[in-house]
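So the structure is just underneath, and the comments pick up after that.
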Amino acid sequence: MDILKINPIIASRVTIFGCLQFLLFSTIAMLLYGGGTAWNPGTDGYTFWHNFFSDLGRTVSYSGVPNRVAEPLFNTSLTLHAVTLLFFYAAYPLLLSERKFLRTVVTLAGILSAMGLIRVGLNPDDIRPEQHMAGVWLWGIPLFSVMIATIGDGICRRSLSRGGLFFTGGFALLLGYHIIQGLLDMSGPIVPTVQKIVVYYNISWFLVMSRQLSRESSREEK
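Heads up: the sequence shown begins at 19 in this note's numbering, then just goes up one per residue.
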């Protein structure tokens, strides 16, 4: 979208910062989590493959221990990460073919996805669960749309390398499966396990594409 022009190098750096700070502070929040999972409130601390990321943002952990440090740390970090993604989605369409409609759709879908994450960060799961889940859906479905548009453009217009196409396709498959888990209302440890893989894969994708944005911008300046 022309109205959202932004320096791609700045967008790249801001996005990388947002991803790295989220990785750092979410990890610290895991170490400070009060304990318990949705299936076993008696577990000690954070069980990596059985706890959701959103458990870190609960005001009170499943074990009943207040999340006085982990909750603000995680929710603030997630919200900041989402804000930096607004910069990313304003610049990311530059990596796609020069079709205005496609670029507009990708930008708008990306902004909606980022706003979904902001909604998640502002609505702890144990306080406002409906608002929290609405944010999760607002994050996931538009993000899936971005991936499909990227893959379609990569195939039809060859805007992506073969490696980039497979990398994006792999993420789209995982994200699609995670969305299906939600639609089928699946439960059990398999759901947070898939969520972990999706989130870390997604962050890796942002980092790779941010570096690509920076390279493309530097190449055009030469």
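All C-beta atoms, glycine included, are put in the ideal place defined by N, C-alpha and C. As the structure is a computational prediction, the values presented were derived from the model and not from experiment.
Go through its chain and collect everything with a Cβ distance to residue i's Cβ below 7 Å, but skip five positions before and after it.
i, result
"Met19", "A caution first: Met19 carries a pLDDT of 48, below 50, which makes its placement in the model unreliable, though a value can still be read off. Closer than 7 Å at the Cβ level, and outside the excluded window around Met19, lie Arg121, Thr122 and Thr125."
"Val217", "Phe71"
Just to confirm, are residue i and residue j a CB contact at a threshold of 8 Å?
i, j, result
"Arg137", "Gly153", "yes"
"Thr186", "Thr211", "no"
"Phe224", "Gly194", "no"
"Leu104", "Ile129", "yes"
"Ile27", "Ser232", "yes"
"Ser115", "Asp203", "no"
"Gly52", "Ser79", "yes"
Going by Cα to Cα distance, which pick from the options is closest to residue i?
i, options, result
"Ser72", "Asp62, Ala88 and Gly60", "Ala88"
"Asn58", "Gln230, Thr211, Gly187 and Pro207", "Pro207"
"Phe106", "Ile166, Ala132 and Phe119", "Ala132"
In chain order, what residues of the same chain lie with their CB nearer than 8 Å to the CB of residue i, ignoring the 5 residues before and after it?
i, result
"Ile21", "Residue placement at Ile21 is flagged as unreliable, the pLDDT there being 49, under the threshold of 50; a coordinate-derived value is accordingly withheld."
"Lys214", "Phe66, Trp67 and Phe71"
"Ile197", "Gly158, Ile159 and Phe162"
"Thr77", "Pro84, Asn85, Glu89, Pro142, Asp144 and Ile145"
Within a Cβ cutoff of 6 Å, which residues of the same chain sit near residue i, ignoring the five residues on either side of it in sequence?
i, result
"Gly139", "Asn93, Leu96 and Thr97"
"Leu91", "Phe43 and Ala47"
"Leu50", "Val87 and Ala88"
"Cys269", "Given that the chain is displayed from residue 19 to residue 240, the structure contains no residue 269 and the question cannot be resolved."
Item to check | Uninterrupted alpha helix (DSSP H) stretches inside the region 159–226 (no shorter than 4 residues) | outcome: Under the rule that a run must span 4 or more residues, the alpha helix (DSSP H) segments found entirely inside the region 159–226 read 180–201.
Next on the checklist: Please give the ranges of any alpha helix (DSSP H) in the region 76–133, keeping only runs that are unbroken, at least 4 residues long and fully inside the region.
Outcome noted: Here the runs fully enclosed are 88–109.
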